[in-house]
Amino acid sequence: MSSPSIVWLRDDLRLADNPALRAAIDRDEPIVVLYVLDEESPGIRPFGGAARWWLHHSLASLSGRLHDLGATLTLRRGPAERVVREAVADTGASAVFWNRRYGGAERDIDAALKTSLRDDGLEIASFAGSLLHEPWTVKTGSGTHFSVFTPFWRACLALPAPRAPLPAPRSLNGLSPGPASDDLDDWDLLPTRPDWAGGLRDTWEPGEPAARARLRSFLHDDIGTYDRARDEPSAGATSLLSPRLRWGELSPFTVWHEAVDAHGAAGFLSELGWREFAWHTVFHSPDLATVNLRRQFDAFPWPPLDPAQLAAWQRGATGIPLVDAGMRELWHTGFMHNRVRMVTASFLVKNLLIDWRRGEEWFWDTLVDADGASNPFNWQWVAGSGADAAPYFRVFNPDLQAKKFDPHGLYISEWAADAPTEPIVDLAATRKAALAAYDVVKRSSPAPS
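Structure (structure tokens):
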């Protein structure tokens, strides 16, 4: 009698370089590939709208590829601890494998399941599939975690090289008949009334095959000019791989090994380093999306929220051309160029004096690549409250940024040609007000010893 293996997928929607899947294959028993949509467990943050759109299409792509190899994708919804245990009971599985997650609530769920399933006599194993280096392996000389990127990345580069990626399977021994599964369409992940996802459909093709095609294209055409042109939003020089990594359609090991020998790779690979640094920060500070990492920023005197100003920022109707272009690109495509992300975030936090958490929530809902680490990490970086953050007195001037990085107005013309021309605030006056507000934080900081 067979004793199936369950491969529990989460942020690793791929066949290539999937250590959990490889462990199940090596066990040589029928395989059940399981995805659980968990929006109920304590501490789990429900996906935003753009993420739900991407998830639907990535799961659909993966389901088709599994079918071609001889397996099926089992979809179930509910609290993960309960659902995984139900899947074990339904299939008679004797092993469950997964790739690790690093958020606080996710780690709690995984630890509880690992303990309870092992107590029941199952074989349980978790693997490193989402980060080049596990958070507990990168430490300062005194044994603590890093709070500044440059020494963190230097320490990462001093470690043994990341492992080689694993090949994709050519066939799978799927359990037949497979266990009962939800219908993907019944999850209602796609917007319908209104259907605002037209721009996403025009911009993206989720799924592992498209992810690998994009990686090849970037390495062939763009990586050589990445360092020089990546800050120009109209140049098309960025990799566009962030959603592929966020959903695990590509592993960082695959990206690393395919890019490392390319001319100009160092700057691009350091961006993988920032992704690692964000997840390492969340591992040690799991409430990063809601709590200032530098607690002296709790004293920041946020004024009462002006809903009209927040709405103008969200709609790309601030009268500040680069800000409006970025926010409109975001709404249309689910993506925004990284340089423009910094400018739009700085404008919200430092010119409008709106709490960074409001911006983080909006990006969480509208970005296809928003994850539990980089999104809050980057917002706290701009606000000055995070790890290795921009100094509080650094206020991006959107007009100067546009002159430097969009000198011919190509990006602004593409996205904000019909935007309002009357600014909702004066940049110089609001910069002065922001610096005065930050003085409160400065005075509340402990004096040097």
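Numbering (the numbering used here) for the sequence shown: 466 to 914.
Cβ coordinates follow ideal geometry from the N, Cα and C atoms, glycine included.
Taking 8 Å as the threshold (C-beta atoms), are residue 482 and residue 942 in contact? Here the chain has residues from 466 to 914 only, and residue 942 is not among them.
Once the 5 residues before and after residue 630 are set aside, which same chain residues still bring their CB inside 7 Å of it? Counting from one through the sequence shown, the residue named residue 630 turns up at place 165. The answer, listed in chain order, is 481, 482, 716, 718, 719, 722.
Option in 473, 689, 897, 876 with minimal Cα separation from residue 786: Taking the first residue of the sequence shown as 1, we reach residue 786 at position 321. Answer by Cα proximity: 876.
Length at least 3, wholly inside the segment 780 to 847: the beta strand (DSSP E) runs in chain order: none
Beta-carbon of residue 713 versus every beta-carbon of chain B: anything under 8 Å? Of the protein chains in the structure, only one exists, and it is not chain B.
Using the C-alpha atoms, what's the distance from residue 587 back to residue 691? Start at 1 with the first residue of the sequence shown, and residue 691 comes out as number 226. Start at 1 with the first residue of the sequence shown, and residue 587 comes out as number 122. The alpha-carbon atoms of residue 691 and residue 587 are separated by roughly 47 Å.
Would you list the residues sitting across from residue 639 in a DSSP beta bridge? Residue 639 sits at position 174 when you count from the first residue of the sequence shown. Bridge partners of residue 639: 496.
Distance between residue 479 and residue 713 (C-alpha atoms, nearest Å): As a working mapping, residue 713 is identified with position 248 in the sequence shown. As a working mapping, residue 479 is identified with position 14 in the sequence shown. Taking the straight line joining both Cα atoms gives about 6 Å.
Contact check, residue 654 vs residue 517 under 8 Å by CB: the rounded distance? Locating residue 654 in the sequence shown gives position 189, counting from the first residue. Locating residue 517 in the sequence shown gives position 52, counting from the first residue. Correct: roughly 4 Å between the Cβ atoms.
Cα-Cα separation between residue 797 and residue 667, rounded to whole angstroms: Counting from one through the sequence shown, the residue named residue 797 turns up at place 332. Counting from one through the sequence shown, the residue named residue 667 turns up at place 202. Computed Cα separation, rounded: 9 Å.
Would the segment 639 to 652 and the segment 529 to 548 be scored as touching if the rule is three or more Cβ pairs under 8 Å? yes
My parser needs the alpha helix (DSSP H) runs of 4 or more residues fully inside the segment 709 to 754; what are they? 717 to 724, 730 to 749
Residue interval of the beta strand (DSSP E) (run including residue 588): Counted from its first residue, the sequence shown places residue 588 at position 123. Start and end: 588 to 592.
Under 8 Å between C-beta atoms of residue 805 and residue 708: Taking the sequence shown and counting its residues from 1, the one referred to as residue 805 is at position 340. Taking the sequence shown and counting its residues from 1, the one referred to as residue 708 is at position 243. Cβ distance not < 8 Å, so residue 805 and residue 708 don't count as in contact.
What residues are listed by DSSP as bridge partners for residue 516? Locating residue 516 in the sequence shown gives position 51, where the first residue counts as 1. Partner(s): none; residue 516 has no beta bridge.
Buried or exposed for residue 847, going by 16 or more other Cβ atoms inside 10 Å? Numbered from its first residue, the sequence shown carries residue 847 at position 382. Buried is the call here.
Reduced DSSP category for residue 777 - H, G, I as helix; E, B as strand; rest coil: Translated into positions along the sequence shown, residue 777 becomes position 312. Helix, per DSSP.
Ignoring anything shorter than 4 residues, give me the alpha helix (DSSP H) runs that lie fully in the segment 529 to 576, in order along the chain. 545 to 556
Report the CB separation of residue 828 from residue 698 in whole angstroms; it is logged as a contact under 8 Å. Position 363 of the sequence shown, counting from 1, holds the residue named residue 828. Position 233 of the sequence shown, counting from 1, holds the residue named residue 698. Not quite, the Cβ-Cβ distance comes to about 17 Å (not below 8 Å), so this is no contact.
Nearest to residue 728 (by Cα), restricted to the options 749, 689, 693, 734: What you label residue 728 is simply residue 263 of the sequence shown in a count that begins at 1. Residue 728 has its Cα closest to that of 689, out of 749, 689, 693, 734.
Check whether the segment 570 to 587 touches the segment 500 to 518, taking contact to mean three or more Cβ pairs, one atom from each stretch, closer than 8 Å. yes
Report the rounded CA-to-CA distance for residue 493 versus residue 756, giving the unit in angstroms. Translated into positions along the sequence shown, residue 493 becomes position 28. Translated into positions along the sequence shown, residue 756 becomes position 291. Approximately 46 Å, taken between the alpha carbons.
Please report the distance separating the alpha-carbon of residue 777 from that of residue 874. For the purposes of this step, residue 777 is taken as residue 312 along the sequence shown, with counting starting at 1. For the purposes of this step, residue 874 is taken as residue 409 along the sequence shown, with counting starting at 1. In a straight line, the C-alpha of residue 777 is about 21 Å away from that of residue 874.
Taking the alpha-carbon positions, what's the residue 592 to residue 849 distance? If you number the sequence shown from 1, residue 592 lands on position 127. If you number the sequence shown from 1, residue 849 lands on position 384. Rounded to the nearest angstrom, the two C-alpha atoms are 34 Å apart.
Measuring CA to CA, which of 559, 585, 546 is closest to residue 570? By one-based count along the sequence shown, residue 570 stands at place 105. Selected option, being the one with the closest Cα: 546.
Going by CA-CA distance only, name the one from 514, 623, 745, 529 that's closest to residue 599. On the sequence shown, position 134 is the one that residue 599 refers to. Considering only alpha carbons, the answer is 745.
For a quick check, are the C-beta atoms of residue 561 and residue 582 less than 8 Å apart? Mapped onto the sequence shown, residue 561 falls at position 96. Mapped onto the sequence shown, residue 582 falls at position 117. Closer than 8 Å, so yes.
On the three-state DSSP scale, how would you describe residue 501? Counting from 1 along the sequence shown, the entry for residue 501 is found at position 36. Residue 501: strand per DSSP, three-state reduction.
Is the beta carbon of residue 549 less than 8 Å from the beta carbon of residue 640? Locating residue 549 in the sequence shown gives position 84, counting from the first residue. Locating residue 640 in the sequence shown gives position 175, counting from the first residue. No, these two residues do not count as a Cβ contact at 8 Å.
Can you list, in chain order, the residues of its chain with a C-beta nearer than 8 Å to that of residue 551? Leave out the 5 residues immediately preceding and following it. Here the question's residue 551 lines up with position 86 in the sequence shown. Once the five neighbours on either side are set aside, the close Cβ partners of residue 551 are 541.
List the DSSP bridge partners of residue 470. In the sequence shown, residue 470 corresponds to position 5, counting from 1. Partner(s): 496, 560.
heavy atom of the ligand NAD below 7 Å from residue 783 C-beta: As far as ligands go, the structure on display features none, and thus does not contain the ligand NAD.
Look at residue 529 and residue 665 and say whether their C-beta atoms are less than 8 Å apart. On the sequence shown, position 64 is the one that residue 529 refers to. On the sequence shown, position 200 is the one that residue 665 refers to. No. Outside cutoff.
Using alpha carbons as the reference points, say which of 513, 625, 773, 638 lies closest to residue 472. Mapped onto the sequence shown, residue 472 falls at position 7. When only C-alpha atoms are compared, the closest one is 638.
Do you know how far the Cα of residue 908 is from the Cα of residue 914? The residue given as residue 914 occupies position 449 in the sequence shown. The residue given as residue 908 occupies position 443 in the sequence shown. At residue 914, the pLDDT of 40 sits below 50, so the modelled position is not reliable and the matter cannot be decided from this model.
Measuring straight from C-alpha to C-alpha, what distance separates residue 521 and residue 674? Translated into positions along the sequence shown, residue 521 becomes position 56. Translated into positions along the sequence shown, residue 674 becomes position 209. Spanning the two alpha carbons is a distance of roughly 15 Å.
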